[in-house]
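Novice:
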Amino acid sequence: MQDTSVGIWGLFLSAFISSTIAPGGSEAVLAYMVTTGQYQIEQLIAVASIGNTLGALTTWGLGVLAAKKFPAARFLPEKKQKALDVVRRRGVWALFFSWLPIIGDALCFAGGWLKLPFLPACLIILSGKFIRYAVIGWLFA
Numbered sequence: 037m038q039d040t041s042v043g044i045w046g047l048f049l050s051a052f053i054s055s056t057i058a059p060g061g062s063e064a065v066l067a068y069m070v071t072t073g074q075y076q077i078e079q080l081i082a083v084a085s086i087g088n089t090l091g092a093l094t095t096w097g098l099g100v101l102a103a104k105k106f107p108a109a110r111f112l113p114e115k116k117q118k119a120l121d122v123v124r125r126r127g128v129w130a131l132f133f134s135w136l137p138i139i140g141d142a143l144c145f146a147g148g149w150l151k152l153p154f155l156p157a158c159l160i161i162l163s164g165k166f167i168r169y170a171v172i173g174w175l176f177a
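Each residue of the sequence shown is one higher than the one before, counting from 37 in this note's numbering.
As structure tokens, then:
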């Protein structure tokens, strides 16, 4: 019998990497693990949500570091410029959509760049990611 902690750590790592600047497929990993029936769905959703949120906060941290070295927004690529504008207009609530492919990473980067309040941002990011993984878990249960 396989060690279930290896699978859980694999899901965590997949979710973490998927939420940094590297692409990943944590949704597929979660869906597969739900369909095997070897794990509690609540545990899978929690692990994926936490891993993905920590990955987003890593991207957030990169935004904070970039803002220190390059304070002018003109240094950012166009995709991140658009995200910066959205986050400026919508504030911390824009980070709820950090779960979206492509734009989500840019939103987290922009949140760090703009030095939005950390705790509210963290909770909003976690909320959006949790809802996404809960929906995926529910669909594949």
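The beta carbon of each residue, even a glycine, is placed where N, CA and C say it ideally should be.
(1) Looking at the unbroken alpha helix (DSSP H) that takes in Phe154, where does it start and where does it end?
(2) Would you say the beta carbon of Arg168 comes nearer than 7 Å to a heavy atom of the ligand GTP?
(3) According to DSSP, is Asp146 part of a helix, a strand, or is it coil?
(4) I need the DSSP call for Tyr68, collapsed to helix, strand or coil.
(5) Report the three-state DSSP secondary structure of Met37 (helix, strand or coil).
(6) In the structure shown, what three-state DSSP assignment does Ala103 receive?
Specialist: Quick answer:
(1) Counting from 1 along the sequence shown, the entry for residue 154 is found at position 118. Unbroken alpha helix (DSSP H) run through Phe154: 154–176.
(2) As for the ligand GTP, it is missing from this structure, which has no ligand bound.
(3) On the sequence shown, position 110 is the one that residue 146 refers to. According to the sequence provided, residue 146 is Ala. The question's Asp does not apply to it. DSSP places Ala146 in helix when its eight states are reduced to three.
(4) For the purposes of this step, residue 68 is taken as residue 32 along the sequence shown, with counting starting at 1. Note: Tyr68 maps to helix in three-state DSSP.
(5) If you number the sequence shown from 1, residue 37 lands on position 1. Confidence is the limiting factor: at Met37 the pLDDT is only 40, short of 50, which leaves the residue's position unreliable, though a coordinate-based value still follows. Reduced to three states, the DSSP call for Met37 is coil.
(6) The residue labelled residue 103 in the question sits at position 67 within the sequence shown. DSSP places Ala103 in helix when its eight states are reduced to three.
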